[in-house]
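Below is one structure; the comments refer to it alone.
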Amino acid sequence: MSLAQVETYAGGAQPRATRPTRSGWRRWRLALGFVVPVGLALIWEAAVRAGFAEGRLMPPPSRIGATILGLARSGELWPHVAATLQRIGLGFALGVGAGTVLGALTGASGLARALLDPLLQALRAIPSIAWVPLFILWLGIFEASKVTLIAAGVFFPVYLGTLGAVIAVDRRIIEVGEVFLFSRLKMVRRILLPAILPHYITALRSGLGLGWMFVVAAEFMGASEGLGYLLLDGQQLGKPDQIVAAILVFAVLGKATDTLLLTLTHPFLKGYDLNHA
Amino acid sequence: MSDLALDAPARDAPTRITTAARAGRPPLARFGAALLPWALPLGVLVLWQAAASLGFLSSRVLPAPSAVALAFWQALKDGSLVTNVLVSTRRALIGLAIGGGVGFALGILNGIWRPAETALDSTLQMLRNVPHLAIIPLVILWFGIDEEAKIFLVAIGVAFPIYLNTFHGIRTVDRGLVEMARVYGLSAAALFWRIVLPGALPSILVGLRYALGIMWLTLIVAETISATSGIGYMTMNAREFLQTDVVVLGVIAYALLGKLADSLTRAIEHRTLAWHPAYRTGTAGLAA
Amino acid sequence: MSAARQEFGDGIIWIADEPEVTLPPPAALPSGGATIALNGVEKAFGERPVLRRLDLDIPAGQFLAVVGRSGGGKTTLMRLIAGLDAPTAGRVAVGGETVEGLQRNVRLLFQDARLVPWQRVLGNVGIARGPDWRHRATIALRDVGLADRGREWPFVLSGGQKQRVALARALVSAPSVLLLDEPFGALDALTRIEMHQLTERIWREHGFTVVLITHDVAEAVALADRVVVLRQGEIALDLDIDLPRPRREAGDAAASALQARILAAV
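Protein chains in written order, with my numbering: chain V, 1 to 277; chain S, 1 to 288; chain G, 1 to 266.
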């Protein structure tokens, strides 16, 4: 391990000299980043083809690709994707709704904070997944308990993020609003919302990430549809290619929804200095 | 309240003045203010017990607090609680040590050595998109339902938050300090131990705290799906026999273990980040 | 938790109580100046020249102030002398030896004090460690008037105190050249005057060569033996200041005349 690199970061004026070639180098480095995963995939593919490895427990990329294509072509994949998306959509909406309302309430009112926050903080200590058996007992094994679990997972980051953002609003910019004699509504629209928004969107993103984790857990509890069902089905029937295919679809969907959230919220963040985000 | 009473004389002069000033308020009001945060949880508990005792709440839905306490005593007496907590804790800690160690090492390596970052970081960022719980079926195919499966899952789960925060922490160390260290002749090793690592420490600890949450969460799911021991197994088993009191006990056990882990990291933060204005405690170093 | 403390090495989390030391008389840290010579020095970043064929000889022990507008090449000049950057052409020599890389006998004070927040004050002063560092750091701290602050965390110090600690950190290694990169720029006026007096006293006691980068003409005239004005990478004025010391910060007619001459060249 060498420290030479850390030292060169401190080269002060040095980067300025090399600026013209920087973007080219950056693109080149991005390409270099694919060397390891693509190389590993190729080696594994070759090893299985040459008969050095069996590839039963970890199927080679070509077989995984064929499985995804097959599932997509036969139309088998889409109902599962739709079921999973519906669950996470519903759970996310509920969790975000509850988290936003309660977070804004406890952030704005000291009394509400004194009353509600200790309870919610105590509940937060329980990993949301631990509720699963109780949710099943209360709500049955079907959709309601799954959506509730996802909503519970989404709720806490959104609640904490909203509460934290409201509390952290800079007193000085509120004073600016007071100096200009803003109405209550205008104060919220012009001062509070813009101040809260960047943190709020970060909270939404971590909520979404947890939502994806919990949709997996929820579907493990037993589902006849959904990507989690594909996973369990693959395990019970000993089809690792189907498992890996489902894992990949999970990863792609997770990344896609996060990108979607970023794209949708991007227009609201124009003009912010997002270096800290 | 006894806490407050013990605390007051130990404080320094200015604080005592304010306490004295506040003492002018009626003692009942102070008592009420201290009690307010506990009002709702306590009220819920009392209502819960009342509803269960009066038969409004079926024990199938939610057992009375007294029933949970009884189940606790029972499980403590026959040793099953202790055994299961120990089994779960052992899995959690081994997984944390392995996954945390790997994540930390990768974070350091990629943080201080550009070629490693170029080669590895984008791979790790891609893998991060996979919800690690989704690999449970694959892991079961690989390892069966042995200990390795659970430990592997926990390790995978904790490795990413620790990696990301270690890497980020090292990259955001103040470059001015690194330059100063060069001018003042620090060797590469001294630069690492005295500037880079302590500078990254707050971020690493944030990663650790996050990883601890992931650790319990992973373990619960893994133990629910495939285990013959551990708290997750205990609760899932109890659910099948409709022993709701044991289910609630399991939930509480997870909560306490999670809280304990969280408090431990907070304590570590307070110890190691005493230099940080945001973490300063007590009067140490505040003579100015 | 004690494990963590060991894991992260010595001094990171705290520094144990320093042993009692009997302090030697002032200026006990040996010093003395070194000459600085720049011959035909050029420096360019890409296409943009910052220094053009610069020749400058600084005798040992001189207090030189370099004045100029932002972007005039002051900081670049200083980085070349410190060995942080290499010249595009020409030669920089300290004590007769060509500068290649960082210099052991050259120390630098930055605009911001750059104290390590997780080291106590004494640990900051002795940041390079080495044999007997506690003893030398204690002496240096006393030299800058902060003898009793060794166990504080940096965040409790005021801006002026932080720069004093930074000065002590430079003194520990008994440098023969001290480079000051606008270290007083961010301080309030009264603290700045205190720092001027302190810097002048320490320079007189130790006798090292000082290069002070500043855009404050009054500061340059109050402190320096000689003022050089850098304009667009070239020396626009080279002026000896032979006012008697100790000097007054304001209200001196001769100083005002010199300031006016320098301002005209900037």
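C-beta: ideal position from N, C-alpha, C; glycine also. From a predicted model like this one, the values you see are computed outputs, not experimental measurements.
Interface partners of residue i on chain A, CB under 8 Å
i, result
"K255/V", "The structure shown contains no chain A; the protein chains it does contain are V, S and G."
Chain S contact for residue i (CB, 8 Å cutoff)
i, result
"N275/V", "No answer about N275/V holds up, because its pLDDT of 44 lies below 50 and its placement is not dependable."
"I36/G", "no"
"L171/G", "no"
"I136/V", "yes"
"R29/V", "yes"
"A27/G", "Annotation note: pLDDT 45 at A27/G (below 50); position unreliable, no value reported."
"F156/V", "no"
"I247/V", "yes"
Beta-carbon proximity of residue i to residue j, cut-off 8 Å
i, j, result
"G72/G", "T209/G", "no"
"L102/V", "Y159/V", "yes"
"P117/G", "F155/G", "yes"
"A195/V", "D170/V", "yes"
"V165/G", "L115/G", "yes"
"V244/V", "P60/V", "no"
"L164/S", "G100/S", "no"
"G107/V", "I167/V", "yes"
"I213/G", "A224/G", "no"
"E80/G", "K43/G", "Inspection of the sequence shows that residue 80/G is occupied by Leu rather than by Glu. Yes. Within cutoff."
"W275/S", "W153/G", "yes"
"V299/G", "V67/G", "In the structure as shown, chain G starts at 1 and stops at 266, and residue 299/G therefore has no counterpart that could be examined."
"V247/S", "P118/V", "no"
Anticipated Cβ contact below 8 Å, residue i with residue j, distance rounded
i, j, result
"L141/G", "L157/G", "Not quite, the Cβ-Cβ distance comes to about 12 Å (not below 8 Å), so this is no contact."
"K146/V", "A218/V", "4 Å"
"A152/V", "W131/V", "6 Å"
"I88/V", "W212/V", "7 Å"
"Y210/S", "P131/S", "Rounded, the Cβ-Cβ distance is 15 Å, inconsistent with contact."
"H199/V", "G164/V", "7 Å"
"A222/S", "I156/S", "Wrong, their Cβ atoms sit about 11 Å apart, outside the cutoff."
"R52/G", "E234/G", "5 Å"
"Q259/G", "V211/G", "The pair is not a contact, with the Cβ atoms about 20 Å apart (cut-off 8 Å)."
"T67/V", "D241/V", "4 Å"
"I220/S", "I126/V", "Not really, about 10 Å apart at Cβ, beyond 8 Å."
Beta carbon proximity, residue i to chain V, threshold 8 Å
i, result
"D3/S", "Interpretation of D3/S is limited by its pLDDT of 33, a score under 50 that renders its predicted location unreliable; the figure taken from the coordinates is listed afterwards. So no, D3/S is outside the interface."
"A155/S", "no"
"K259/S", "yes"
"R22/S", "Low per-residue confidence applies at R22/S: pLDDT is 47, beneath 50, and the placement is therefore not dependable enough to give any value."
"V87/S", "no"
"D121/S", "yes"
"Y233/S", "no"
"V247/S", "yes"
"V221/S", "yes"
"A51/S", "no"
Bridge partners - residue i, DSSP secondary structure assignment
i, result
"P87/G", "DSSP, once it has assigned bridges, lists no residue as partnering P87/G."
"T209/G", "V177/G"
"I235/G", "L230/G"
"E179/S", "According to DSSP, which records beta bridges pairwise, E179/S is partnered with nothing at all."
"V248/S", "None; V248/S has no bridge partner."
"K43/G", "L51/G"
"E97/G", "V94/G"
"T118/S", "Answer is none; T118/S lacks a bridge partner."
"A50/V", "The partner list for A50/V (beta bridge, DSSP) is empty, contrary to what the question assumes."
Residue-level contact to chain G via CB, residue i, 8 Å cutoff
i, result
"V206/S", "no"
"Y210/S", "no"
"P161/S", "no"
"P277/S", "yes"
"I135/S", "no"
"R182/S", "yes"
"E269/S", "no"
"L177/S", "yes"
Could you tell me whether the region 153–173 of chain S touches the region 201–210 of chain S, using the rule of 3 or more Cβ pairs below 8 Å?
yes
Check: For the 8 Å Cβ check, are there 3 or more pairs between the region 128–148 of chain G and the region 82–93 of chain G?
Finding: no
*Stretch pair the region 58–74 of chain S + the region 114–122 of chain S: three plus CB contacts closer than 8 Å*: no
State whether the region 134–141 of chain S contacts the region 81–100 of chain S, with contact taken as three or more CB pairs (one from each stretch) at a distance under 8 Å.
No contact exists between the region 134–141 of chain S and the region 81–100 of chain S.
request  = Decide if the region 64–79 of chain V is in contact with the region 245–252 of chain V; the criterion is three or more beta carbon pairs, one per stretch, under 8 Å apart.
outcome  = yes
Examine the Cβ distances between the region 248–256 of chain S and the region 103–111 of chain S and report whether three or more of them are shorter than 8 Å. no
Assess contact between the region 239–253 of chain G and the region 91–101 of chain G, defined as three or more Cβ pairs (one per stretch) separated by less than 8 Å. Is contact present? no
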